[in-house]
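Chemist: Quick mapping for you: the protein sequence lines, in order, are chains A and B. Using my numbering, the letters of the first sequence correspond one by one to residues 109 to 418. Using my numbering, the letters of the second sequence correspond one by one to residues 657 to 878. Structure provided below as C-alpha cells; questions to follow.
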Amino acid sequence: MNTLTPSNLEKVLAAGHLAVTSECGPPRSPDMAVVDEKVKEVGPYVDAINVTDNQTAVVRVSSLASCIRIKQLGYDPILQMTTRDRNRIGLQSDLLGAGAWEINNVLCLTGDHQSFGDHPTAANVFDLDSTQLIGVVKNMRDEKKLINGFEMTKSLRMFIGAAENPFADPFEIRVMRTAKKVAAGCQFIQTQCIYNMDKFKLWMKGLVDHGIHEKCAILAGITPMKSIGMARYMKAKVPGMDVPEDIIKRLQGVPKEKVADEGVKMAIEQIQELKEVPGIRGFHIMAIEWEEKVPIIVKEAGLYPRPKMD
Amino acid sequence: MIMAKPKPIQEIVNVIKDFDKVLVAGCNGCVAVCEAGGLKEVEILASALRMYFANQNQNIEIGEVSLTRQCDKEYLAEIKDMVPKYGAVLSIACGAGVQFMAEMYSEKPIFPGVNTNFIGVTLEKGVWSERCAACGECILASTGGICPIARCSKRMLNGPCGGSSNGKCEVSKETDCGWHLIYERLKTLGQLQRFEVPNDPKDWTTSRDGGPRKIIKEVSQA
C-alpha cells in the first residue's frame, strides 16, 4: 500500500475501499459544542470529515480550529481552505499550523465570492487560486519548501484534494480543468452535489478516457433533498447547481410528510447507481444541517461498517 | 481610458456649502469621453449647483473652467491666476487629476466631484466597461487577449470556477464569465493547449500591492 501521509482517507483509498466522507459546517458563534455534536453523529460512519471554510462567505468558527477539535475527538479531518480571505502568507501559515497539529488532509478551493455572504462590503484577496494552492501544498510536502523557496526542517504531510463542479459551464472544459488540478498535485476530488446523473456520467467518462481517474480518486458529491423548497432553491439560487425538473417532480409525487424520506431514498439510490460508474472511488455526503441522516444513508447504501486502518 | 461617474449632487453640496466661491474644474481627457468630467459636464454641474443654492437662498458663486488635462502641470498652471479668487476647487477629473490639482494648489481645498472607477472601453453610447486592472505585468499573450485579472470576479489565473453558468459570472447574470470568454477565444485561435498549462502564482509587486508605482523613462528625462 503506497501512501504519502498518515491520512486515514488516503489509506482507505489506497487499500481499494470505496471511501466515505461527510462535512461539518462550523457555527457562527464561538461554540465548539456544535462541532462536537455534528462530528459525534457522523464520525463513526465516515473515513474523514470536511470542515468548511466560511462557506458561502459567511463568517464562522475557523476551519483549522474545528479540524484540531475533530482530530482530538479521534476522527480524520479535511481542512477546507479558500483563497478568498488569505494571501499566500496567511495560507502557508495556516498550513504550517495544520501540519503542526497533524491535520493530514486539505481541500483546496478558491471560495464563493464575498458578495454572496454576510459581509458583502469586504475586500477579497484571491492572491492565489485553487489550482495554485494545490501546487503550494504539494511543494510544502514533496519539496519541503514554501513558495519563496524557503526550506522547512519538516515536510507537510497532507493528502491533497480539490472540488470540481461538472455542471458548471462551459461543460467541455471541465475534464481539462480537472486534469489541470491533477497535474498540479491534486489526489482526490469531491464533486458538487450530483442531481443530473447523465451529465455527471458524461464527465466521468471524460476523466476515464484521459486516465485521470487513475491519478486522482473521484468522490461523488451526494446531498439528500430535505424538502421541495430546498430543491427549488438549489435549482434557482445556488451557483453552478444543476437540479433537473424530474427530481422536483419526484418529491412532489409523495405526500408532504414523506418528502424528506423520499429525499433520503433518492440519495441512497444515487449511491447505488454511482457505485457502478467506472472511476468512482467513493462518496462525499453533504447533508446540509441534516447530519442525523448521514448514518442511515451510509448504512442503507451498504457502506457500513467503515474499514479500520492502522 | 480611465472611467468615472459623477458623485451624487447632495454629497458635493455637503462639502462645498460653506464656501462663498467655488470653481468647478473639468478635464477634457478620459473623463470627457465617459461623460463625467468634461466641458459639458462642468456646465451641467455648475448650473445644477447654482440652482440648488438659489433654492436654498444661499449666495454661492460657482465658476467654471475646463482644462485640456489635469494630469499635466502645464495645463494645471493655466488656471494659476484663477484659483486664488475662489475659496475651493471642485475637480471633476479622475482621482489622479484631483490629486495633482491639490499638489499644485496646496493652499486651496480641492474636492472630488466624481468617483473614479476603472480603466475601460466604450461598449456603446452611454455604456462603459472595465478591461484592465493595471497589474503591471501583462499576461494577455497567454489568455487569448482577454484579461482574467480584470474580468474574472475572483482574479483566477486557472479558471473558470464552478460558478460559471451559461457564459455568465456567479456574481451577476449581467457579467460575462471572463474565463468562458478566454476559452471561446482560445478555441477560435486554435490555442486551447494554452488553457491546459497551469499558471503559477502571480508576482503582485508590479500591481497595487507593491505600493504607489512610478515609471521613469530616462531618454525622455534628458
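The C-beta atom is built at its ideal place from N, Cα and C for all residues, glycine as well.
Indicate the three-state DSSP secondary structure (helix, strand or coil) for Ser-171/A in the structure shown.
Modeler: Counting from 1 along the first sequence, the entry for residue 171/A is found at position 63. Correct three-state label for Ser-171/A: helix.
Chemist: Does any CB atom of chain A fall closer than 8 Å to the CB of Lys-810/B?
Modeler: As a first step, residue 810/B must be located in the second sequence, where it is residue number 154. Interface residue, yes.
Chemist: Can the beta-carbon of Pro-804/B be found less than 8 Å from the beta-carbon of Ile-838/B?
Modeler: By 1-based counting over the second sequence, the position of residue 804/B is 148. By 1-based counting over the second sequence, the position of residue 838/B is 182. Yes, the Cβ-Cβ distance between Pro-804/B and Ile-838/B is below 8 Å.
Chemist: Could you tell me how far apart the beta carbons of Leu-746/B and Ile-658/B are, in whole angstroms, since I believe they sit closer than 8 Å?
Modeler: Position 90 of the second sequence, counted from the first residue, corresponds to residue 746/B. Position 2 of the second sequence, counted from the first residue, corresponds to residue 658/B. Not a contact, Cβ separation roughly 18 Å.
Chemist: Would you mind working out which of Lys-677/B, Asp-865/B and Asn-773/B sits nearest Pro-662/B, comparing C-alpha positions?
Modeler: Taking the second sequence and counting its residues from 1, the one referred to as residue 662/B is at position 6. For the residues Lys-677/B, Asp-865/B and Asn-773/B, the minimum Cα distance to Pro-662/B belongs to Asn-773/B.
Chemist: In this structure, does DSSP put Trp-398/A in helix, strand or coil?
Modeler: For the purposes of this step, residue 398/A is identified with residue 290 of the first sequence, where counting begins at 1. Trp-398/A: coil per DSSP, three-state reduction.
Chemist: Which chain B residues sit within Cβ distance under 9 Å of Lys-246/A?
Modeler: As a first step, residue 246/A must be located in the first sequence, where it is residue number 138. Neighbours of Lys-246/A on chain B: none; closest Cβ ~11 Å, over 9 Å.
Chemist: Mind listing which residues of the stretch 182-202 of chain A have their C-beta closer than 7 Å to chain B's C-betas, in chain order?
Modeler: The stretch 182-202 of chain A vs chain B, Cβ under 7 Å: Arg-196.
Chemist: To test your reading of the DSSP string, which unbroken beta strand (DSSP E) runs of 3 or more residues are found completely within the stretch 207-281 of chain A?
Modeler: Taking only runs of at least 3 residues, the beta strand (DSSP E) segments lying wholly in the stretch 207-281 of chain A are 213-217 and 267-272.
Chemist: Measure from the C-beta of Asn-814/B to each C-beta in chain A and report whether the shortest distance is under 8 Å.
Modeler: The residue you call residue 814/B lines up with position 158 of the second sequence. With 8 Å as the cut-off, Asn-814/B counts as an interface residue toward chain A.
Chemist: Identify the contact partners of Phe-234/A in chain B, using a Cβ-Cβ distance below 8 Å as the criterion.
Modeler: Along the first sequence, one-based indexing puts residue 234/A at 126. Ordered by position in chain B, the residues that pass the 8 Å Cβ test against Phe-234/A are Lys-810, Arg-811 and Met-812.
Chemist: Report the neighbours of Asn-822/B on chain A: residues whose CB is nearer than 7 Å to its CB, in chain order.
Modeler: For the purposes of this step, residue 822/B is taken as the residue at position 166 of the second sequence. Chain A residues near Asn-822/B: Asp-277.
Chemist: Any Cβ of chain A within less than 8 Å of the Cβ of Asp-856/B?
Modeler: On the second sequence, position 200 is the one that residue 856/B refers to. With 8 Å as the cut-off, Asp-856/B counts as an interface residue toward chain A.
Chemist: Three-state secondary structure (DSSP) at Thr-160/A?
Modeler: Walking along the first sequence from the start, residue 160/A turns up at place 52. DSSP places Thr-160/A in coil when its eight states are reduced to three.
Chemist: Thinking C-alpha only, which one of Met-248/A, Thr-261/A, Tyr-303/A and Thr-299/A is nearest Val-128/A?
Modeler: In the first sequence, the residue the question calls residue 128/A occupies position 20. Checked all of Met-248/A, Thr-261/A, Tyr-303/A and Thr-299/A; the closest Cα to Val-128/A is Thr-299/A.
Chemist: May I have the straight-line CA-CA distance separating Ala-122/A from Gly-319/A, to the nearest angstrom?
Modeler: Counted from its first residue, the first sequence places residue 122/A at position 14. Counted from its first residue, the first sequence places residue 319/A at position 211. Cα-Cα distance, rounded: 17 Å.
Chemist: I'd like to confirm the pairing. Which residues does DSSP put opposite Asn-639/B in its beta bridges?
Modeler: This structure does not reach residue 639/B, given that chain B is present from 657 up to 878, and the question cannot be answered.
Chemist: Per the contact definition of three or more C-beta pairs closer than 8 Å, is the stretch 753-760 of chain B in contact with the stretch 732-744 of chain B?
Modeler: Counting Cβ pairs under 8 Å, three or more are found: they touch.
Chemist: Can you name the residues that DSSP bridges to His-321/A?
Modeler: Numbered from its first residue, the first sequence carries residue 321/A at position 213. Note: His-321/A sits in no beta bridge, so no partner.
Chemist: Taking beta-carbon pairs under 9 Å, can you tell me which members of the stretch 844-855 of chain B lie near chain A?
Modeler: Taking 9 Å as the Cβ-Cβ cut-off against chain A, the residues of the stretch 844-855 of chain B that qualify are Leu-848, Phe-851, Glu-852, Val-853, Pro-854 and Asn-855.
Chemist: Cα separation between Gly-387/A and Asp-306/A?
Modeler: Counting from 1 along the first sequence, the entry for residue 387/A is found at position 279. Counting from 1 along the first sequence, the entry for residue 306/A is found at position 198. So the two alpha carbons sit approximately 15 Å from each other.
Chemist: Got a sec? Which residues, its chain only, sit under 7 Å from His-321/A by beta carbon, not counting five neighbours each side?
Modeler: For this step, residue 321/A is matched to residue 213 along the first sequence. Only Leu-315 and Gly-387 meet the Cβ criterion.
Chemist: Show which residues of chain B have a CB atom less than 7 Å away from the CB atom of Asn-213/A.
Modeler: Taking the first residue of the first sequence as position 1, residue 213/A is located at position 105. None at all; the shortest Cβ gap to chain B is about 20 Å.
Chemist: Residues in the same chain with beta-carbon distance under 6 Å from Met-374/A, minus the five sequence neighbours each way, listed in chain order, please.
Modeler: Looking up residue 374/A in the first sequence gives position 266. Here the set comprises nothing.
Chemist: Between which two residues does the beta strand (DSSP E) holding His-836/B run?
Modeler: Residue numbering aside, residue 836/B sits at position 180 when the second sequence is read from its first letter. No beta strand (DSSP E) holds His-836/B; the alpha helix (DSSP H) holding it covers 834-845.
Chemist: Between which residues of its own chain and Lys-288/A is the CB-CB distance below 8 Å, once the five residues before and five after are set aside?
Modeler: Residue 288/A sits at position 180 when you count from the first residue of the first sequence. Only Thr-239 meet the Cβ criterion.
Chemist: Please list the partners that Asp-317/A has in chain C, where partner means a Cβ-to-Cβ separation under 9 Å.
Modeler: Given the protein chain composition of this structure (A and B), no chain C is represented.
Chemist: Would DSSP call Val-154/A helix, strand or coil?
Modeler: On the first sequence, residue 154/A is found 46 positions in, with the first residue counted as 1. It is coil, neither helix nor strand.
Chemist: Cutting at 8 Å between CB atoms, please list the residues of its own chain near Pro-114/A, excluding the five before and the five after it.
Modeler: As a working mapping, residue 114/A is identified with position 6 in the first sequence. Contacts found: Glu-210, Asn-212 and Arg-265.
Chemist: For Lys-673/B versus Gly-719/B, is the C-beta distance shorter than 8 Å?
Modeler: Counting from one through the second sequence, the residue named residue 673/B turns up at place 17. Counting from one through the second sequence, the residue named residue 719/B turns up at place 63. Taking 8 Å as the Cβ cut-off, Lys-673/B and Gly-719/B do not qualify as a contacting pair.
Chemist: Taking Ser-876/B as part of the alpha helix (DSSP H), name the residues at either end of that continuous run.
Modeler: Translated into positions along the second sequence, residue 876/B becomes position 220. Where Ser-876/B is concerned, the enclosing alpha helix (DSSP H) stretches over 874-877.
Chemist: Classify Cys-794/B: buried if its beta carbon has 16 or more other beta carbons within 10 angstroms, exposed otherwise.
Modeler: Start at 1 with the first residue of the second sequence, and residue 794/B comes out as number 138. Its Cβ having fewer than 16 others within 10 Å, Cys-794/B is exposed.
Chemist: Assuming the contact rule is C-beta atoms closer than 8 Å, Ile-802/B and Gly-834/B should be a hit. Round their C-beta distance to whole Å, please.
Modeler: By 1-based counting over the second sequence, the position of residue 802/B is 146. By 1-based counting over the second sequence, the position of residue 834/B is 178. Right, their Cβ atoms sit about 6 Å apart.
Chemist: Given that Val-827/B touches chain A, what residues does it touch there, using C-beta distances under 9 Å?
Modeler: Within the second sequence, the letter at position 171 stands for residue 827/B. Ordered by position in chain A, the residues that pass the 9 Å Cβ test against Val-827/B are His-221, Ser-223, Phe-224 and Pro-347.
Chemist: If you reduce the DSSP assignment to three classes, tell me which class Thr-861/B lands in.
Modeler: On the second sequence, position 205 is the one that residue 861/B refers to. Helix, per DSSP.
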